[in-house]
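Every position in the sequence shown, counted from 1, becomes a number in my numbering once 1246 is added. Note that CB positions come from ideal geometry on N, CA and C, so glycine has one too. Each remark here refers to the structure printed beneath this line.
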Amino acid sequence: MDLTKLAAYEVIEQRKLDDLKSEGALLKHKKSGARVLLISNDDDNKVFNIAFRTPTKNSTGVPHIMEHTVLCGSEKFPAKDPFVELVKGSLNTFLNAMTYPDKTVYPIASCNDKDFQNLMDVYMDAVLHPNIYKHEEIFRQEGWSYQLEDKDGELSYNGVVYNEMKGAFSSPDGVLDRVILNSLFPDTTYANESGGDPDEIPNLTYEEYLDFHRTYYHPSNSYIYLYGDMDMAEKLEWLDREYLCKYDKIEVDSEIHLQKPFDAVRELSMKYSVSSNEPLEDNTYLSYNKVVGTSLDRELYLAFQILDYALLSAPGAPLKKALMDAGIGKDITGSYDNSIYQPIFSVVAKNANEDQKDEFVRIIESTLKKIVEEGMDPKALEAGINYHEFRYREADFGGYPKGLMYGLQIFDSWLYDETKPFIHVEALDTFAFMKKQVKNGYFEELIQKYLLDNPHGSIVTVLPEQGRTARLDAELHDKLQAYKASLSDAEIEKLVEDTRRLLEYQEEPSSQEELEKIPMLEREDISREIAPVYNEEMTLAGVPVVFHEIETNGIGYLDLMFDLSEVPAEQLPYVGVLQAVLGIIDTEHYDYGELFNEINVNTGGIGTSLELYPDVTKVKEKEFKATFEIKTKALYEKIPFALEMMQEILICSKLDDEKRLKEILSMNKSRMQARFLSSGHSASALRAMSYRSPISRFKDMTSGIEYYQNVSRMEEHFEKEKEELITMLQSLVKTLFCRGNMMVSYTASREGLAGLENELEKLNMALFDEQEAKPACVIRCEQKNEGFKTSSKVQFAAKAGNFIDAGESYTGALQILKVIMSYEYLWVNIRVKGGAYGCMSNFNRIGEGYFVSYRDPNLKKTLEVYDGVPEYLENFTVSERDMTKYIIGTISNIDQPMTPAAKGDRSMNLYMNHVSEEMIRTERQQILEATQEDIRALAPVAKAVLAGNQICVIGNEAKIEEEKDVFMEVKDLF
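The following block contains the structure:
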């Protein structure tokens, strides 16, 4: 990486980053003052990020609204939504923007050089030259605005960020996280809600919002990050020539200040809303929070991640266990948030009671004192260190590019000290340091100093209030109508006119000339090749194995799969419980805390899951295979140990431990409630499909709303239900984990197969005796069309059906339809005009289709938008350029870079679903060669899905009651 000829930049530091097999550099742009950081290596998944330090003085959400709006058109790319145009028509592997409490980031990633350059250009112009100064409507659409459709109508608020944050503030977890942060830093930017408090957002004026951009969105306040395999000098010269050279350095006061430590721990409480029929008992959230140094301390930064594991996060960890044993809360969680200047260590008891607060604090502090006096369990510390080091070395961030995640972690130090950008991404020395501290009192000293002796903390209580949402909605309604009544006729007419003008702005499409300014690839830039499939069938020790030969850097990814096809339908909820229990309950040789630590000292972890594989060759028969899976990842030499531990979990778990079973049911119930409030779109879409789909009903019974209802019943009537539960779990173990019922998926290099046969033979011999064959499970479906009432201020509205049942066929063009729906028809009507935060659709090979909205202020109106899809498709008319754009966006979704583990998982999924390489090639060809006529031909498919009329909505109780004629049944979710 030769940076010597870059006259426009000062090279501050250049160094090898051995841990990342990369070369790093820190620079400053001389004229503008922009900070630049480079990580150069051979990773073709290139990343660019421009970020700004964005402190805020209030909770109007101005950083968040700015993040949304700068991507709504710019000087060079004046189309109304370049972000959406890029999503539709680029090969990006990541494209988004995020608002944090102290920074706003704009990252992109792509493996295609031309695409990467295009994305950089659009993002640089967006943040520096946005159209927000020309069109106030952008602010009103994305932020907030008054809505009044006629002079006699009711005045209301709308706006995408406004509705997003109404959804975020509907969850007690969201309320708690916010209050913890605000409580600990009353004198800094962290005292405010950067995302926006819905009560405060309407106080933000357009001029204040523009001032925020003028102040903070300047290169002098920017942090630019480039990662991957590219000509860094060429990229830097381009940045200088096209953007940075046009700015002179200015002073921007964006420093994130340290909070002066407290003299004493502070206590405060906040209310959150439960629906009118939810109990107040067991619905309080308690939290104990301490500020831990600063994120510039590289040892402390990692040490408290390890302490979080060893004290709190691991099953059986002492703080968690002490609180559970005392009956405080139904789920004990915690966190160590080191993504801010002054990190926070928190202990949280969910579903507790207010009168338990003093006991909650007493138990935490007495447990910590005992740990300091007696010393920490060294095995727990070793497990915590190995757990984090394994993940650091593996660098598998799921679907996220590792360059993106490194870049975000770099901000944990770079944002607060320009001289220390690499201290957390170069971590092997720090891990080595931690290993030496396990037995010398280092961790105990940290507990004493930062948790026990530290007065800079808070005790936050979040209390339930029945009908709070309805009360606040009524107060807001009265306030808005009173405001309207105070206006003159001319002022009211202006509000009606503003509403009309905003709608006109939203409905007016960008001109073809504006759209064509956004750079895009051609169809020829896309490979016609499919990603390789790695499936090799073999039999080892009499066990069917599908081997995926992939270079994995010495790690084996092993998945034991047990067939569920003979489990009767009425037992399926218990299968869900079994999956939740195994691995976190005592076994014959370990208590569950010891088991978890033993596993994490030696491997990358062991987990269980339930998986469903539809047979795409038998769609009409609705055949599918369901499996109970237990998975591990470990270095090749540790695979024998991993299999021993899997055997211990499957065969030796003590399923008659009543106390632990009750704890797990309570924890499961609490976590599902949180999931339904934050991600209700997934649950409502699954439930809608379950009315007629056996595979979706199976999933709903084992992890969805029906599973939640059963877990809730078992937990509430535990004394009555426990014997049946224990009997059922013990019976299921013998039915499932028996010889003849197991197959294996294994991802590794060829050398990773050595010795596997011997280990599988040992495991196979230890399994229960083969069971007599039983009749296959039969799942019956029933259409219910339910409205589930919660305390949420928004809705998740789903409508589903099956197009193959109606005689239509699957085609690759349906993948394009998803892109068109999500970023064209649904986007415009549900998000842009309707104010919802999100909207999605899906159509799969077995004929299931659905439409669903996310954090949506509407209900019936949204369902009417879905019903308009067939007509939209019948009249679908676009240019060849637009058609190409949709195709590129579709391929982008398909061609995401994969880790070795992901390649193995994909190959196994295709094998289990009976999807051949020929089918994938045909689908890819159908996508690449699609025309607008192919999209029009999908109108009957959409019509068939909607004709199913399978509706499920999770949302605001008043809204569901108001529009209950939509449903066959209306009920409380909790």
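For this session: State yes or no: is the C-beta of Ser1278 nearer than 7 Å to some heavy atom of the ligand NAP?
Result: Absence of the ligand NAP from the depicted structure is noted, as is the absence of any ligand whatsoever, leaving it without description.
Problem set entry | DSSP state of Phe1329 mapped onto helix, strand, coil | Residue numbering aside, residue 1329 sits at position 83 when the sequence shown is read from its first letter. In this structure, Phe1329 counts as helix in the three-state DSSP scheme.
Problem set entry | Simplified DSSP state of Ile1470, which is helix, strand or coil | As a working note, residue 1470 is residue 224 in the sequence shown. In this structure, Ile1470 counts as strand in the three-state DSSP scheme.
Exercise. Between Asn2139, Ala2188 and Ile2025, which lies nearest to Tyr2118 when the distance is taken from Cα to Cα?
Worked result: Against the sequence shown, residue 2118 aligns to sequence position 872. If we check each option's Cα against that of Tyr2118, Ala2188 comes out closest.
Exercise. If Tyr1471 and Gly1653 are in contact, beta carbons under 8 Å, what's the gap, nearest whole angstrom?
Worked result: The count along the sequence shown starts at 1 and reaches residue 1471 at position 225. The count along the sequence shown starts at 1 and reaches residue 1653 at position 407. Indeed, because the Cβ distance is near 5 Å, the residues count as touching under 8 Å.
Exercise. Short check: CB of His1275 to CB of Leu1490, under 8 Å?
Worked result: What you label residue 1275 is simply residue 29 of the sequence shown in a count that begins at 1. What you label residue 1490 is simply residue 244 of the sequence shown in a count that begins at 1. In this structure, Leu1490 lies closer than 8 Å to His1275 by Cβ.
Exercise. According to the neighbour-count rule (16 or more other Cβ atoms, all chains shown, within 10 Å of its Cβ), is Tyr1953 buried or exposed?
Worked result: As a working note, residue 1953 is residue 707 in the sequence shown. With 16 or more other Cβ atoms within 10 Å, it is buried.
Exercise. Of the choices Glu1867, Asn2088, Asp1832 and Lys1864, whose alpha-carbon is the least far from that of Asp1902?
Worked result: Locating residue 1902 in the sequence shown gives position 656, where the first residue counts as 1. Residue Asp1832 is the option with its Cα nearest to Asp1902.
Exercise. Can you list the beta strand (DSSP E) stretches of 3 or more residues lying completely in the region 1537-1580, in chain order?
Worked result: none
Exercise. At what residue ranges does the region 1736-1792 contain a whole run of the alpha helix (DSSP H), taking only runs of 4 or more?
Worked result: For the region 1736-1792, whole alpha helix (DSSP H) runs of length 4 or above, ordered along the chain, are 1758-1761.
Exercise. If you compare alpha carbons, which of Ile2197, Phe1340 and Arg1424 is closest to Lys1292?
Worked result: In the sequence shown, counting from the first residue as 1, residue 1292 sits at position 46. Distance check between Lys1292 and each of Ile2197, Phe1340 and Arg1424 places Phe1340 closest, using alpha-carbon atoms only.
Exercise. Where do the ends of the alpha helix (DSSP H) carrying Val2187 lie?
Worked result: Numbered from its first residue, the sequence shown carries residue 2187 at position 941. Segment Ala2185 to Ala2193, the alpha helix (DSSP H) holding Val2187.
Exercise. In terms of residue numbering, what span does the alpha helix (DSSP H) encompassing Lys1615 cover?
Worked result: Residue 1615 sits at position 369 when you count from the first residue of the sequence shown. First-last of the alpha helix (DSSP H) with Lys1615: Lys1603 to Glu1620.
Exercise. Where in the region 1854-1914 do unbroken runs of the alpha helix (DSSP H), each at least 4 residues long, occur, reported from the N-terminal end onward?
Worked result: 1885-1898
Problem set entry | For Ile1830 and Asn2004, the rounded distance between their alpha carbons | Taking the first residue of the sequence shown as position 1, residue 2004 is located at position 758. Taking the first residue of the sequence shown as position 1, residue 1830 is located at position 584. Near 27 Å, if we compare the C-alpha coordinates of Ile1830 and Asn2004.
Exercise. Quick one: what does DSSP say Glu1721 is sitting in, helix, strand or coil?
Worked result: The count along the sequence shown starts at 1 and reaches residue 1721 at position 475. Here Glu1721 sits in helix by DSSP.
Exercise. Alpha carbon to alpha carbon, what distance is there between Met1680 and Glu1672?
Worked result: Translated into the one-based positions of the sequence shown, residue 1672 becomes position 426. Translated into the one-based positions of the sequence shown, residue 1680 becomes position 434. Rounded to whole angstroms, Glu1672 to Met1680 spans 14 Å at the Cα level.
Problem set entry | Cut-off 7 Å between Cβ atoms - residues of its own chain near Thr1785, not counting five sequence neighbours on either side | Numbered from its first residue, the sequence shown carries residue 1785 at position 539. Only Val1791 meet the Cβ criterion.
Problem set entry | Validate contact between the region 1600-1611 and the region 1539-1556 using beta carbons, cut 8 Å, 3 pairs | no
For this session: To the nearest angstrom, report how far apart Glu2016 and Leu1558 are at their CA atoms.
Result: Within the sequence shown, residue 2016 is the residue found at index 770, counting from 1. Within the sequence shown, residue 1558 is the residue found at index 312, counting from 1. Near 40 Å, if we compare the C-alpha coordinates of Leu1558 and Glu2016.
Exercise. By DSSP, does Ser1592 sit in helix, in strand, or in coil?
Worked result: As a first step, residue 1592 must be located in the sequence shown, where it is residue number 346. Three-state result, Ser1592: strand.
Problem set entry | Cut-off 6 Å between Cβ atoms - residues of its own chain near Lys1625, not counting five sequence neighbours on either side | On the sequence shown, residue 1625 is found 379 positions in, with the first residue counted as 1. Once the five neighbours on either side are set aside, the close Cβ partners of Lys1625 are Asn1843.
Exercise. By the 10 Å Cβ neighbour count, where 16 or more other Cβ atoms means buried, how is Asn2121 classified, buried or exposed?
Worked result: As a working mapping, residue 2121 is identified with position 875 in the sequence shown. By the neighbour-count rule (16 or more Cβ atoms within 10 Å), Asn2121 is not buried but exposed.
For this session: Figure out for me which residue from Asp2218, Asn2104, Pro1418 and Lys1905 has the closest Cα to the Cα of Gly1405.
Result: Taking the first residue of the sequence shown as 1, we reach residue 1405 at position 159. Of the listed residues, the one whose Cα sits closest to Gly1405 is Asn2104.
Problem set entry | Proximity to Lys2131 [Cα-Cα], best of Leu1263, Ile1296 and Glu1331 | Position 885 of the sequence shown holds residue 2131. Cα-wise, what sits closest to Lys2131 is Glu1331.
Exercise. Can you name, in chain order, every residue of its own chain whose Cβ lies under 7 Å from the Cβ of Asn1449, other than the five neighbours on each side?
Worked result: Walking along the sequence shown from the start, residue 1449 turns up at place 203. Thr1306.
Exercise. In terms of residues, what are the limits of the beta strand (DSSP E) holding Ser1286?
Worked result: Indexing the sequence shown from 1 puts residue 1286 at position 40. Looking at the DSSP string, the run of the beta strand (DSSP E) that includes Ser1286 is Arg1281 to Ser1286.
Problem set entry | Three-state secondary structure assigned by DSSP to Asp2218 | In the sequence shown, the residue the question calls residue 2218 occupies position 972. Judged by DSSP in its simplified three-state form, Asp2218 adopts strand.
Exercise. If we count the other Cβ atoms within 10 Å of its Cβ and call it buried at 16 or more, is Lys1326 buried or exposed?
Worked result: Against the sequence shown, residue 1326 aligns to sequence position 80. That one is buried.
For this session: Could you check the C-alpha separation between Glu1812 and Lys1871 for me, to the nearest Å?
Result: On the sequence shown, position 566 is the one that residue 1812 refers to. On the sequence shown, position 625 is the one that residue 1871 refers to. When rounded, the distance between both Cα atoms is 10 Å.
Problem set entry | Rounded Cβ spacing between Leu1932 and Gly1950 (contact assumed at less than 8 Å) | In the sequence shown, residue 1932 corresponds to position 686, counting from 1. In the sequence shown, residue 1950 corresponds to position 704, counting from 1. 5 Å between Cβ atoms; contact.
Exercise. Is DSSP giving Met1476 helix, strand or coil here?
Worked result: Locating residue 1476 in the sequence shown gives position 230, counting from the first residue. Met1476 falls in the coil class under three-state DSSP.
Problem set entry | Helix, strand or coil at Lys2035 [DSSP, three-state] | In the sequence shown, counting from the first residue as 1, residue 2035 sits at position 789. Looking at Lys2035 - three-state DSSP - the assignment turns out to be strand.
Problem set entry | Backbone secondary structure at Arg1996 - three-state DSSP | For this step, residue 1996 is matched to residue 750 along the sequence shown. Helix at Arg1996.
Exercise. Where does Lys1492 fall in DSSP's three states?
Worked result: Residue mapping note: residue 1492 aligns to position 246 of the sequence shown, counting from 1. Of the three classes helix, strand and coil, the one that applies to Lys1492 here is helix, per DSSP.
Problem set entry | Cβ-Cβ distance between Ala1194 and Ile2062 below 8 Å | Here the chain covers residues 1247 to 2220 and nothing more, so residue 1194 does not appear.
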